[in-house]
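To start, the structure under review is shown below, and the notes come after it.
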Amino acid sequence: MRGFWRAFRRNRLALIGGAVVVVLVVLAVLAPGISPWDPNRPDVRKILDAPSRAHPLGTDQLGRDVLSRMLYGARVSLAVGFVSVGIATMIGLVLGSLAGYHGGTMDATVMRLVDLMLVFPRLFLLLAVLAFLRPSIWTIMTVIGLTGWMSVARLVRAEFLSLKEREFVIWSQSIGASAYRTIWRHILPNAIGPVLVAMTLGIPAAILTESGLSFLGLGVQPPHATWGNILNEGKDAIEIGWWLSAYPGLAILVTVLSYNLLGEGIRDALDPRLRQSVGRIVSRAR
Amino acid sequence: MLGYALRRLILAIPLLIGITFVSFLVIHLAPGEPVENQAGESSTQSDAKLRERLREIYGLDKPLHVQYWNWVTRLARLDFGRSFSPDARPVLQKIGERLPITLLLNIVELMIIVTLAIPIGVLSATRQYSTFDKITTVFVFVGFATPDFWLALMLMILFGVQLGWLPISGLRSPTWEYLAFWRQQWDFVAHLALPILVATFGGLAGFSRYMRQSMLEVVRQDYIQSARAKGLPERVVIGKHALRNALLPIVTVLGLSLPGLIGGSVIVESIFAIPGMGQLMVQAVFERDYPVIMGNLVIVATLTLVANLIADITYSLVDPRIRVAARRGRR
Amino acid sequence: MSRGDLLRLSGLLLLIALAGCGGEADSAVDAPTAQGSSKPAYGDTYIEALQGNISGLIPNVLSDGPSFEVAQLIYNGLVKYDKDLNLVGELAESWQYSRDCLDLTFKLRRNVRWHDNRPFTAADVVFTYETMINPKTPTAYGGDFKAVESVEAVDPYTVHVHYKHPNAKALQSWSIWMLPKHLLESYAREGKLREAPQNRTNPVGTGAYLFKEWRPGEKVVLVANPDYFEGRPYVSRVVYRIIPSSATTFLELKAKGVDGAKLTALQFKRQTEYPAFRKAYTKYQYAANIYVYFGMNLRDPRFADRRVRQAFAHAINKRELIEGVRLGLAREATGPYKPGTWQYNPNVHQYPYDPARARDLLAAAGWNEKNADGILLKDGQPFKFDLLSAQGSDEGRKVAEIIQAALKDIGVQVEIRVIEWAALLKEYIKKRNFETVILAWGITPDPDQFDIWHSSKTSPDELNRIGYANPEVDDLLEKGRGTCVEADRKKYYDRLQEVLADDQPIVFLYFRDGLPVVSSRFRGIVPTPIGIQYNFNEWFVPLNLHRYTAG
Numbered sequence: 001m002r003g004f005w006r007a008f009r010r011n012r013l014a015l016i017g018g019a020v021v022v023v024l025v026v027l028a029v030l031a032p033g034i035s036p037w038d039p040n041r042p043d044v045r046k047i048l049d050a051p052s053r054a055h056p057l058g059t060d061q062l063g064r065d066v067l068s069r070m071l072y073g074a075r076v077s078l079a080v081g082f083v084s085v086g087i088a089t090m091i092g093l094v095l096g097s098l099a100g101y102h103g104g105t106m107d108a109t110v111m112r113l114v115d116l117m118l119v120f121p122r123l124f125l126l127l128a129v130l131a132f133l134r135p136s137i138w139t140i141m142t143v144i145g146l147t148g149w150m151s152v153a154r155l156v157r158a159e160f161l162s163l164k165e166r167e168f169v170i171w172s173q174s175i176g177a178s179a180y181r182t183i184w185r186h187i188l189p190n191a192i193g194p195v196l197v198a199m200t201l202g203i204p205a206a207i208l209t210e211s212g213l214s215f216l217g218l219g220v221q222p223p224h225a226t227w228g229n230i231l232n233e234g235k236d237a238i239e240i241g242w243w244l245s246a247y248p249g250l251a252i253l254v255t256v257l258s259y260n261l262l263g264e265g266i267r268d269a270l271d272p273r274l275r276q277s278v279g280r281i282v283s284r285a286r
Numbered sequence: 001m002l003g004y005a006l007r008r009l010i011l012a013i014p015l016l017i018g019i020t021f022v023s024f025l026v027i028h029l030a031p032g033e034p035v036e037n038q039a040g041e042s043s044t045q046s047d048a049k050l051r052e053r054l055r056e057i058y059g060l061d062k063p064l065h066v067q068y069w070n071w072v073t074r075l076a077r078l079d080f081g082r083s084f085s086p087d088a089r090p091v092l093q094k095i096g097e098r099l100p101i102t103l104l105l106n107i108v109e110l111m112i113i114v115t116l117a118i119p120i121g122v123l124s125a126t127r128q129y130s131t132f133d134k135i136t137t138v139f140v141f142v143g144f145a146t147p148d149f150w151l152a153l154m155l156m157i158l159f160g161v162q163l164g165w166l167p168i169s170g171l172r173s174p175t176w177e178y179l180a181f182w183r184q185q186w187d188f189v190a191h192l193a194l195p196i197l198v199a200t201f202g203g204l205a206g207f208s209r210y211m212r213q214s215m216l217e218v219v220r221q222d223y224i225q226s227a228r229a230k231g232l233p234e235r236v237v238i239g240k241h242a243l244r245n246a247l248l249p250i251v252t253v254l255g256l257s258l259p260g261l262i263g264g265s266v267i268v269e270s271i272f273a274i275p276g277m278g279q280l281m282v283q284a285v286f287e288r289d290y291p292v293i294m295g296n297l298v299i300v301a302t303l304t305l306v307a308n309l310i311a312d313i314t315y316s317l318v319d320p321r322i323r324v325a326a327r328r329g330r331r
Numbered sequence: 001m002s003r004g005d006l007l008r009l010s011g012l013l014l015l016i017a018l019a020g021c022g023g024e025a026d027s028a029v030d031a032p033t034a035q036g037s038s039k040p041a042y043g044d045t046y047i048e049a050l051q052g053n054i055s056g057l058i059p060n061v062l063s064d065g066p067s068f069e070v071a072q073l074i075y076n077g078l079v080k081y082d083k084d085l086n087l088v089g090e091l092a093e094s095w096q097y098s099r100d101c102l103d104l105t106f107k108l109r110r111n112v113r114w115h116d117n118r119p120f121t122a123a124d125v126v127f128t129y130e131t132m133i134n135p136k137t138p139t140a141y142g143g144d145f146k147a148v149e150s151v152e153a154v155d156p157y158t159v160h161v162h163y164k165h166p167n168a169k170a171l172q173s174w175s176i177w178m179l180p181k182h183l184l185e186s187y188a189r190e191g192k193l194r195e196a197p198q199n200r201t202n203p204v205g206t207g208a209y210l211f212k213e214w215r216p217g218e219k220v221v222l223v224a225n226p227d228y229f230e231g232r233p234y235v236s237r238v239v240y241r242i243i244p245s246s247a248t249t250f251l252e253l254k255a256k257g258v259d260g261a262k263l264t265a266l267q268f269k270r271q272t273e274y275p276a277f278r279k280a281y282t283k284y285q286y287a288a289n290i291y292v293y294f295g296m297n298l299r300d301p302r303f304a305d306r307r308v309r310q311a312f313a314h315a316i317n318k319r320e321l322i323e324g325v326r327l328g329l330a331r332e333a334t335g336p337y338k339p340g341t342w343q344y345n346p347n348v349h350q351y352p353y354d355p356a357r358a359r360d361l362l363a364a365a366g367w368n369e370k371n372a373d374g375i376l377l378k379d380g381q382p383f384k385f386d387l388l389s390a391q392g393s394d395e396g397r398k399v400a401e402i403i404q405a406a407l408k409d410i411g412v413q414v415e416i417r418v419i420e421w422a423a424l425l426k427e428y429i430k431k432r433n434f435e436t437v438i439l440a441w442g443i444t445p446d447p448d449q450f451d452i453w454h455s456s457k458t459s460p461d462e463l464n465r466i467g468y469a470n471p472e473v474d475d476l477l478e479k480g481r482g483t484c485v486e487a488d489r490k491k492y493y494d495r496l497q498e499v500l501a502d503d504q505p506i507v508f509l510y511f512r513d514g515l516p517v518v519s520s521r522f523r524g525i526v527p528t529p530i531g532i533q534y535n536f537n538e539w540f541v542p543l544n545l546h547r548y549t550a551g
């Protein structure tokens, strides 16, 4: 554990990433307190006003303050990223390790399930869910999560398949360690690397998916703001309302970068071999 | 190995039926029924009889398993049926006229991405945390996070409106038929330039990060250390030994992205007015054009199963440890 | 029923041409001349941006706007609307309408030929009629012909129609597109019109333009019909480019990749006011034939009370709504008819923005307590409901958001649900499983709206979705469609508008404006209440301004 922190602290980019994520989360949590305007109240006298002192990020097509909408939107966008990828990763880890470790029928079943999910049009699932259930941020996150676990499962399974035959696993089994212990202590930490990369790419992908859903008109219900739907509404005003695209776009970019730097930093710090080589480099430098 | 492959292939048929059956059920049980248009507006003229008549024509009044049976028996004759949309054209025709352009775009884009991602990944890994690594990291993620439609519109404004170098949308100029042969080809290429650029810029992140990650792992392996210890030049160590092993997961990922080649991005296609598979499928879903949806699903399912099989075989062929385990597992 | 584009054509004579009429050509592209001459010349190509795919080429069995727009140029009806919204002959040279409104006799033009050169005769008219009433034909417009008793081809150029009872829409219904019997007879008989090749690859009509090519999803190409009975059209080629995104369409306009398109309100108001654009393009504005409304399910006891509906009408500031949603480019609706048409009655109960009055009305209806959040209560129940809107309609969404805020001010809590159209239609609207909804009606030049307001039209597939039942309205609707004397009809429809305004079964919001824009090199455009394209075959480009000389 301590080794992890030491390695992590050394990675400056990762620290910056982590700091930004923390700041974003704080801003999102404090949104109701710090928003200067009601994010949902239309004001037709202020349609598409350029950024000014009263509205630092301008107003949107219904005259609502973009800054306030961005702050409230942060809550949604960050949550979407975390929760949906969290769900997807959980499912993927469980199914992937089951498949990879046990092999045989279990493996075949899981892989066929993966095939089914991959083949099935996700849009359809979304439509079905959104029409039946009251579409809220939770249903959307769940659906994105339920339809995004396949790549994690495959990754984990592949890792398991290759690690299963490694010496330390066989040794562990031969001294009678239980399957659970073997998986948890030995295999998972090695498998975590690519999973973390998948997560760090998955979180921003989830945020962008939410934006794509807004493009199709299927995102969070109006009037609630998300970065994705501010962006999407801005595409019709791209010339005269550049702030509607620029600021959410920038916010998404910063979030994406931060999550990725953070995630890769965590992965690098966890990887024992990486730590070893870092130590070697350090000692050589001395 | 051959036995394994054959067995998978034979299993594929019932599997395909299973997948299509489940999908068929879910799709038909989902809310909504085929609609004639997507507008939220209705004319004050309408005919209730028409709806009933259409339901009959589409066979929607029959029980689901009967509908599925009809569909699957026609499929066995490679008859994908006719679209439910008012043009009532054969599904294969509708898919067939959009598939080529989508394939072309996706393949070109994939080739460009792979060609760029591998060197970027390798160089970033070998120069981990260097300035090059940091800059490419940021660059690649900017590409990933930039919304497609925004980039598309910006490029259109720059290259189409202000500079006038490239056409803005569509596949061909309106006067294409009257152009000389070479001008026609150039016109077509010019129309595809921006869409490919937009797609590539966004897609670079995934591959290059995987490449980098894979390379990083391989480089820490013991056999690399021993290769270095043997005195081999770094270039050979990286270029020959490390690269070959690092490319493995990439090959797998490439193989698995085979089914995705026939799918298009509806956002890019809408913005660039490209009649591709993305728009067709989204429209089909919104209009509940079941035959088209199922037709596409079958093709994707087949490709997925084939791609999985190829990926699994190549992976096990290449990684001897898996091959050993596979043999052992099959007692 | 007008055979034109139901969704977009029609409007008031409020044409605002913002570019000079005899404008100079844009010097970057065309040869610079002082004044384009106004002498008609043959040639050039007109490229229009279509926002959606067309779904076929036989309009009788289709129902989407883009298909109708293209069909305009390929087909004709016996009659059509002129620029003053009077019915004039198209394929019919003249007609006789008996005083009792039961017999209608058309004298057809001679020497009209189908695009494959066969003569157009009365047999085609009879065939078209039979196709429309054939239950196997998948058409939504057969209803207009239900009142017909018989159709007879008296001689090759005379058609006699006999009606069972007087029917106001009789004459207008014959603006339906005429179909060629010699090509489609076998398909129509089997009910397979949609699968006929004429729906896909080679439509044959009598219209001003011949079909050249349809690349699905990409473009439709038409060429001028040199034998058109009204004279060969000047513009030799028409290309419809399918461009789904309005942002892209606008860029294509700027880059001169298209000659005509429909602007969004934002583009019209804020992005096209600079000199270069106004020189290169002419903007038009007219009231389109669609109105947006706030519908309530009248089976819900809360909305069954008229005072509640009237309260909502007072609570919504329609001026602000129009400003917010359309940037002012729409006209307030007080009823289902468009201002400026003969049937419009301005003397109906008005509902000016008056939140105080709204609150009083609600209180009178029993909503006179408030809970902690300021929401009105009745018998302990808060006044809360869902407002549904169709996905894909930005306009609908914005209307919903503004209404949500407006109703919040009077203590009513609204939750917006955007639902994708297929599901919305089937699961909510048809099953009458909705509380309130934002929708739009496309109306026709004829005032008959029986199908929407009559109490008998409430089955799931029928259009009286809100469940409105008012015997006086039923009576007026029946009388209105049962006579062909315009003066009588006016009386009935005036009264209808009065009753509807009092009842407010829905809150009528606005008629949106159509905002087409055309390259200024095209002359001969006459703005009319049915849009600008009705006389397309008379448009021309002066010789020195031709941009496309091939073809």
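Protein chains in written order, with our numbering: chain A, 1 to 286; chain B, 1 to 331; chain C, 1 to 551. No residue lacks a Cβ here, since even glycine has one placed at the ideal position from N, Cα and C.
- Secondary structure of Thr137(C) (DSSP, three-state): coil.
- When Cβ-Cβ separations below 9 Å define contact, Ser520(C) makes no contact with chain A.
- Scanning Asp312(B), Val300(B) and Val306(B) for the CA closest to the CA of Ser23(B) turns up Val300(B).
- Under the Cβ distance rule, Glu159(A) does not count among the residues neighbouring chain C, no pair being separated by less than 9 Å.
- In the pairwise beta carbon analysis, the stretch 388-404 of chain C is classified as not touching the stretch 357-366 of chain C: fewer than three pairs are separated by under 8 Å.
- By the CB criterion at 9 Å, Ala50(A) and Trp243(A) fall inside the cutoff.
- Cα atoms of Leu155(A) and Leu258(B): separation of roughly 17 Å, rounded to the nearest angstrom.
- Under the three-state reduction of DSSP, His162(C) is assigned to strand.
- Around the beta-carbon of Gly265(A), 16 or more other beta-carbon atoms lie within 10 Å, marking it buried.
- Burial state of Asp373(C) is exposed, judged by a 10 Å Cβ sphere holding fewer than 16 other Cβ atoms.
- With a beta-carbon spacing of about 6 Å, Val61(C) and Pro86(B) fall inside the 8 Å limit used to define contacts.
- Think of a sphere of 9 Å around the beta carbon of Lys235(A): the chain B residues whose beta carbon falls inside it are Pro147, Phe149, Trp150, Leu153 and Ile271, in chain order.
- Taking 4 residues as the minimum length, the alpha helix (DSSP H) runs contained wholly in the stretch 50-131 of chain C are 65-74, in order along the chain.
- Residue Val122(B) holds the alpha-carbon nearest to the alpha-carbon of Thr136(B) among Val298(B), Ala273(B), Thr304(B) and Val122(B).
- Residues of the stretch 118-137 of chain C whose Cβ lies closer than 9 Å to any Cβ of chain B, in chain order: Pro135, Lys136 and Thr137.
- The alpha-carbon separation between Lys384(C) and Ala363(C) amounts to approximately 15 Å.
- Considering only Asn544(C), Cys484(C), Trp539(C) and Asp451(C), the residue with the shortest C-alpha distance to Lys169(C) is Cys484(C).
- Listed in chain order, the positions of the stretch 95-110 of chain A with a beta carbon within less than 7 Å of a beta carbon of chain B are Gly103 and Gly104.
- Asn308(B) has a beta carbon lying within less than 9 Å of a beta carbon in chain A.
- Gly324(C) and Pro36(A) do not touch by the CB rule: their CB atoms are close to 21 Å apart, not below 8 Å.
- Phe385(C) carries a strand assignment under DSSP once its states are collapsed to helix, strand and coil.
- Looking only at Asn433(C), Trp441(C) and Pro382(C), the smallest Cα-Cα distance to Val414(C) is reached by Pro382(C).
- The continuous alpha helix (DSSP H) containing Tyr4(B) extends over residues Leu2 to Leu29.
- Under the Cβ distance rule, Glu239(A) counts among the residues neighbouring chain C, one pair being separated by less than 9 Å.
- Against Gly58(A), chain B offers no close residue; the least beta-carbon distance is about 16 Å (beta-carbon pairs closer than 8 Å).
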